Amino acid sequence: MRLRFVVLLGALFASVSEISLATDLGVPTTGFLARSPATGEHNEPAARLLRAGYTPEKDDEERTFSIKAMPGVEKISSLVNKQQFAWWLRNGEKADDVFTKLKLNKAGDSILNNPKLAAWVKYVDAYNVKHPEKKTSTIPTLAKQYGDDVLATMLQTAKYEEGTRTIASKLQTEQMSIWKREGISTDAVFKTFKLDEEAANLLANPGFSIWTRYLGEFNPGSKTTIFDSLQAHLTETTLSRLLITAKKAPGTERLATSLQNKQLETWLTRGESPNAVFKLLMLDKVPDNVFASPQFKTWLNYATALRRKNPGAETKPVIDTLTAHYTDIGLSRMINAAKETSGTTNMAAYMEKALLGKWATDGKTPAYASNLLWASAADKKSLEAAYLEKLVVQSTKRLAENLQVQQVGAWMARQETPDAVFKLLRLDQGAENIFARPQFDTWLNFALRFRKEHADAEGTTVFVSLMAHYSDTALARMIKTAKETPGTKNLATYMEKDLLGKWATDGKAPAYVLIKLGTTAEDKKLLLSAFMTQVRRAEREAEKLRLLMQ
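Mature numbering (1 follows the signal peptide of the UniProt record, and there is no 0) puts the sequence shown at residues -22 to -1, 1 to 528.
What follows is the structure, encoded as structure tokens:
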């Protein structure tokens, strides 16, 4: 009697335990879970009845929930009894109801990290297998809980987290399949996620990734590309701006670069002008060093590609496009900044040269150029010299003469010496015919004016400056070359006379003179006569000096 009482008491506690579990899970306490295991319908042994209503089919149903393959499911073994799921499945419990029984409706934004979710998803899959005539989906329940667009964003974000990647990808595929069945267009998805209103990095928006996957894998309409679709939704300026922003972010740089290349191809096919593309790439909005902008290189490549495609088309120099969008002051500041930035120094030198050429054509003064583009006193002088050379070459004769007068006046005001200006104009760097260089004419005008205003200064003659920088041999070679050039013949004759005078004073032998300057026999005869005249002059000067010394 005592033994029977103990057995019955144990059975009672087992029954109460199952009823308690069912109550916690929200399962009705009617039916087989409420029966006494000792009084089963067919009077089965107590051990079998303790398995909560065992039937021959139940083993299969329980095996359905061996779902350890899905990340997180193994964590729920102590939370939800597999037999409980089997019972729900056998009784056709709806997905919505099981969702609520598992209290997933209270999981909030962290539902994808809730281990019960994976079990519920598996339950819905098993339900569809067992009840094919009543197939359902997890998505309507989740969408009702969160909203379709919010759910989509949650799934997209969860795809990048290790613990939720698998289930999020599965649910996203299911959601997009429903969209496709319902005929939801890619345009509708684009607008749902407000991608046409995105002001920052569009490509980093989770909604963009949702849209691109739907566009590529589930699109119910005609096939199209991401770029073509973006072009249809956004203006060229907006799309260009968004791609430029996206190229700056590591996570979107690759896709943005690919899309921008397609945009450039479109512009190239259409024949967009470099000036228009300059603005589309927002290069007219760069505040500091435009040459350091990645878009500047993109623009240069576009301009080059356009010239290759249309070799006969009239194109503007790069500097013309820059000056069309920036003032001389603004562009000069950018060039000066680029000179100090590693990676843009060569570009700065190229653009400075181009800008000087444009200013020379426009008739800007050397002072104007040096005031805008110099960083130190030495740089200023060097730049003036380089600019003056361009002025003489590129300007009209009258304009060049006027600018030359202005520059000579500036040097006089700064009290520069002929020797300093000679080096400033790089006339000391040698040439076959130094007298043919435009800078020599400028220097000569300055030297003559300096000599006139400083007659008592020593070493200020033109010839003394030349001899300070060139040897007898080098100067003689230049004079011989200049005598054979129509434009410099007269000047060469003048310089030859001064050189002969110096050699006569130095006591050089006639043979020395003929070797250095002689060419033909007739030329040597004339040269010897001229040298002897200088010798006699030197002797007279020496005699006068001797008499004065007595």
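Just so you know, even glycine gets a beta-carbon here, dropped at the ideal spot from N, CA and C. The structure displayed is predicted, hence computed values, not measured ones.
Return the first residue and the last residue of the alpha helix (DSSP H) that residue i is part of.
i	result
Arg232	231 to 248
Lys287	272 to 287
Asn83	Careful: Asn83 lies outside any alpha helix (DSSP H) and carries neither H nor E.
His447	440 to 447
Met510	499 to 527
His211	204 to 211
Leu350	344 to 351
Ser155	143 to 159
Gln407	No alpha helix (DSSP H) holds Gln407; DSSP gives it neither H nor E.
Ser218	214 to 225
Gly308	306 to 317
Arg427	416 to 431
Ala495	Note that residue 495 corresponds to Leu in the displayed sequence, not to Ala. Here the alpha helix (DSSP H) through Leu495 covers 488 to 495.
Met325	323 to 340
Phe186	184 to 191
So, under 8 Å CB-CB, residue i and residue j are touching, yes? Tell me the CB distance rounded to an integer number of Å.
i	j	result
Ala146	Lys137	5 Å
Tyr101	Trp65	The Cβ separation is near 11 Å, so there is no contact.
Ala469	Ala460	Reading off the sequence, residue 469 comes out as Leu, not Ala. With 8 Å as the limit, Leu469 and Ala460 qualify as a contact, their Cβ atoms being about 6 Å apart.
Gln241	Lys225	Their Cβ separation, rounded to whole angstroms, is 12 Å, which puts Gln241 and Lys225 out of contact at 8 Å.
Leu504	Val491	Not a contact, Cβ separation roughly 12 Å.
Thr144	Asn91	The Cβ separation is near 13 Å, so there is no contact.
Pro396	Phe428	5 Å
Val513	Ala482	5 Å
Asp206	Thr170	Not confirmed; about 20 Å, so no contact.
Ala73	Thr116	7 Å
Anyone know if the C-beta pair for residue i and residue j falls short of 8 Å?
i	j	result
Ser348	Leu333	no
Ala234	Leu181	yes
residue 530	Asn267	This structure cannot settle anything about residue 530, because the visible part of the chain is limited to -22 through 528.
Val399	Phe424	yes
Leu173	Gln153	no
Thr131	Pro184	yes
His109	Gly161	no
Lys458	Thr497	yes
Met329	Ile297	yes
Thr463	Lys494	no
Met312	Phe274	no
Ala338	Tyr365	yes
Ser155	Phe196	yes
Near residue i, which residues of its chain fall below 6 Å by C-beta distance, leaving aside the five closest residues on each side in sequence?
i	result
Lys113	Asn106
Ser218	Leu258
Met445	none
Gln150	Leu133
Thr223	Asn179
Who are the near neighbours of residue i in its chain, counting only those whose CB is closer than 7 Å to its CB and skipping five residues on each side?
i	result
Glu19	Its pLDDT being 36, under 50, Glu19 is placed unreliably by the model, and the measurement read from it follows with that caveat. Taken in chain order, the list of residues that qualify is empty.
Glu521	none
Thr301	Leu309, Lys336
Asn83	Phe77, Gln123
Glu22	Reliability of the predicted coordinates at Glu22 is poor, the pLDDT of 34 falling under 50, and no value is obtained from them.
Trp98	Val76, Phe77, Leu80, Leu82
Phe256	Asp262, Trp277, Thr299, His303
Trp389	Val399, Phe424
Ala227	Asn179, Ala182
Thr230	Asn179, Leu181, Ala182, Ala224
Taking the alpha-carbon of residue i as reference, which of the options has the nearest alpha-carbon?
i	options	result
Pro344	Val383, Asn324, Ser320	Val383
Thr164	Met329, Leu149, Tyr192	Tyr192
Met260	Glu500, Gly321, Thr276	Thr276
Asp484	Glu517, Ser88, Asp306, Asp127	Glu517
Leu221	Pro272, Gln407, Val167	Pro272
residue 533	Ile307, Glu175, Phe168	Because the chain is modelled from -22 through 528, residue 533 falls outside the range shown and cannot be assessed.
Met473	Ser443, Ser236, Lys502, Asp501	Ser443
Ile188	Leu129, Leu526, Gln209, Arg455	Leu129
Val264	Ser236, Arg248, Thr305, Ile156	Thr305
Asp476	Ala487, Ala499, Asp501, Thr511	Thr511
Ile204	Thr215, Glu175, Ser236	Ser236
Residues in the same chain with beta-carbon distance under 8 Å from residue i, minus the five sequence neighbours each way, listed in chain order, please.
i	result
Thr293	Pro252, Ala281, Leu284, Arg285
Ser310	Leu333, Leu350, Leu351
Leu246	Tyr280, Ala283, Leu284, Lys287
Leu405	Ile412, Arg415, Gln417, Phe418, Trp421, His447
Leu426	Val440
With a threshold of 7 Å (Cβ to nearest heavy atom), would residue i be considered close to the ligand MN?
i	result
Gly199	The model depicted lacks the ligand MN and carries no ligand whatsoever.
Can you check whether the C-beta of residue i is within less than 8 Å of a C-beta belonging to chain C?
i	result
Arg524	Reference to chain C is not applicable here, since this structure consists of a single protein chain.
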